[in-house]
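Below: one structure, written as structure tokens.
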Amino acid sequence: MVEHRRISVPTPFQVGDVNCYVLEGDSVALVDPGPDTEDAYATLENELSDMDIEVEDVDHVVVTHPHLDHFGVAELIRERSGCTVHADEAAVSILEDYDAYYHREKRYFKILLEEMGMPSQKVNVVVELPGAYTMLGPPIPSRALEPHEDGDTIDVGVELTCIETPGHAPGSTSYRRKDALYTGDHLLEEITPNPTMQLPEDGERPRTLALYLESMKELRDLDVELCHPGHGPVVDDPEERIQYTLDHHESRKQKLHQMVEEQPKTAYELMQEMWPEIPATEYFFGMSEVIGHMDILEADGDVELRGDEVKTYHSS
Ligand SMILES: [Zn+2]
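For the sequence shown, position 85 (counting from the first letter as 1) is numbered 85 according to my numbering, and the numbering increases by one without interruption.
This is the structure:
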């Protein structure tokens with residue numbers, strides 16, 4: 001039995017194509033249709049037509065997480081088809097107005113990145129960068145959005161169980177279908193996903209890497225046979241890939257700990273030392289990774305963050 005068909009949808013981002021999964025049951029559902037570009041839409045239209053599906057036939061779009069490469073074209077598909085767009089409750093408010101979300105992030109991270117030692121000129125470049133792309137994810141009207149939460153089962157022609165897998169993005173969700181899981185960017189075969197920093201909830205910045213690693217361990221206990229990721233090939237040995245991802249982060253954490261033991265450093269200095277060649281376009285991801293590991297070391301009592309205007313990590 002064909003479980004789904006996969007369309008490689010082009011994106012203008014460095015990550016390359018995004019995987020859109022076409023689920024055909026009592027209706028037609030697309031998991032992660034891609035960004036709102038002409039290229040992406042033309043690819044979807046052509047590939048669906050080869051399956052005897054018109055865009056107008058789409059009943060459901062499922063969004064694993066609110067990143068432009070995954071959801072942007074959902075609104076165009078909805079305009080043509082009247083489909084329902086399903087996403088986690090934490091993702092829905094972002095999908096309603098991605099641009100507003102970006103502007104909230106911009107204000108928050110401008111302050112945070114400066115506190116973490118990044119020179120303000122560079123901070124300005126970093127926080128402006130995503131602004132050029134927000135039009136790739138036009139607002140989706142609230143009435144078309146169907147929020148779900150952890151443990152819900154949604155019927156999109158086939159039944160999917162929603163498993164919140166936090167860390168990579170707000171509301172990041174994996175969807176279980178029998179022995180397989182659609183993982184979005186939570187688990188990938190060829191890349192170790194980056195749990196990027198996110199806006200505070202109830203005044204506290206979420207410790208995204210810690211949350212990510214925790215949910216990665218929970219994923220292991222689900223005992224699924226296959227994972228269908230948002231980018232790249234199928235993960236045919238999820239247990240091995242999960243272990244690899246956990247080990248990778250453990251060794252990064254240890255290396256960062258050693259770097260702070262040598263002498264106190266800011267997150268920006270740690271990033272520069274870890275990846276001397278890192279381009280400004282990757283700064284946000286680099287800072288997210290460093291701060292994510294430092295969050296864990298801080299919680300374990302291994303390091304302390306000190307200072308007012310500019311903060312420095314000290315070994316404790
Ligand atoms: Zn992605």
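Even glycine gets a Cβ: it sits at the ideal position worked out from N, Cα and C.
{"Check": "Check the DSSP bridge columns for C83 and list the partner residues they point to.", "Outcome": "BP columns for C83 are empty, so no partner."}
{"Check": "Does K178 come out as helix, strand or coil in the three-state DSSP assignment?", "Outcome": "coil"}
{"Check": "Around the C-beta of T153, are 16 or more other C-beta atoms found within 10 angstroms, so that it is buried, or is it exposed?", "Outcome": "exposed"}
{"Check": "Under a three-way DSSP split, which group does E201 fall into?", "Outcome": "strand"}
{"Check": "Assign P166 to one of two classes, buried (16 or more other C-beta atoms within 10 Å of its C-beta) or exposed (fewer than that).", "Outcome": "buried"}
{"Check": "Considering only residues of the same chain and omitting the five flanking positions on each side of K255, which have a CB-CB separation below 6 Å?", "Outcome": "none"}
{"Check": "Determine the closest residue to P264 out of V127, R220, R207 and G117, with distance taken between C-alpha atoms.", "Outcome": "G117"}
{"Check": "By the DSSP assignment, the alpha helix (DSSP H) with H257 in it spans what residues?", "Outcome": "P238 to E262"}
{"Check": "Does the distance from the CB of G203 to the CB of S27 come in under 7 Å?", "Outcome": "no"}
{"Check": "When we look at the beta-carbon of E75 and count the other beta-carbons within 10 Å, is it buried (16 or more) or exposed?", "Outcome": "buried"}
{"Check": "With DSSP collapsed to three states, give me the class of P141.", "Outcome": "coil"}
{"Check": "Any idea what DSSP makes of H67, helix, strand or coil?", "Outcome": "coil"}
{"Check": "Mind checking D39: buried by the 16 CB within 10 Å criterion, or exposed?", "Outcome": "exposed"}
{"Check": "At a cut-off of 6 Å, is G16 close to ligand 1 when judged by its beta-carbon and the heavy atoms of the ligand?", "Outcome": "no"}
{"Check": "Span of the alpha helix (DSSP H) holding E89?", "Outcome": "E89 to E96"}
{"Check": "If we ignore side chains and look at the alpha-carbon of each, how far apart do S142 and E89 end up?", "Outcome": "12 Å"}
{"Check": "Taking C-alpha atoms, which residue in K122, V127, D236 and S315 lies nearest to V260?", "Outcome": "S315"}
{"Check": "Taking 7 Å as the threshold (C-beta atoms), are V126 and Y244 in contact?", "Outcome": "no"}
{"Check": "DSSP three-state call for I154: helix, strand or coil?", "Outcome": "strand"}
{"Check": "When the Cα atoms are used, what is the spatial distance from V310 to E115?", "Outcome": "4 Å"}
{"Check": "Could you pull the DSSP bridge partners for N19 from this structure?", "Outcome": "S8"}
{"Check": "For a test of the three-state rule: what should DSSP assign to R306, helix, strand or coil?", "Outcome": "strand"}
{"Check": "So who's on the other strand from S288, going by DSSP bridges?", "Outcome": "S288 is not bridged to any residue."}
{"Check": "Closer than 6 Å to a non-hydrogen atom of ligand 1 - does that hold for the CB of H228?", "Outcome": "no"}
{"Check": "How many whole angstroms separate the CB atoms of L246 and M216, which I take to be in contact at a CB cut-off of 8 Å?", "Outcome": "6 Å"}
{"Check": "Classify G184 as buried or exposed, calling it buried when 16 or more other Cβ atoms lie within 10 Å of its own Cβ.", "Outcome": "buried"}
{"Check": "What does DSSP give as the partner residue(s) for H168 in the beta ladder?", "Outcome": "The partner list for H168 (beta bridge, DSSP) is empty, contrary to what the question assumes."}
{"Check": "Shorter than 6 Å, the distance from the beta carbon of H67 to the closest heavy atom of ligand 1, or not?", "Outcome": "yes"}
{"Check": "Which of the three DSSP states is assigned to P130 in this structure?", "Outcome": "helix"}
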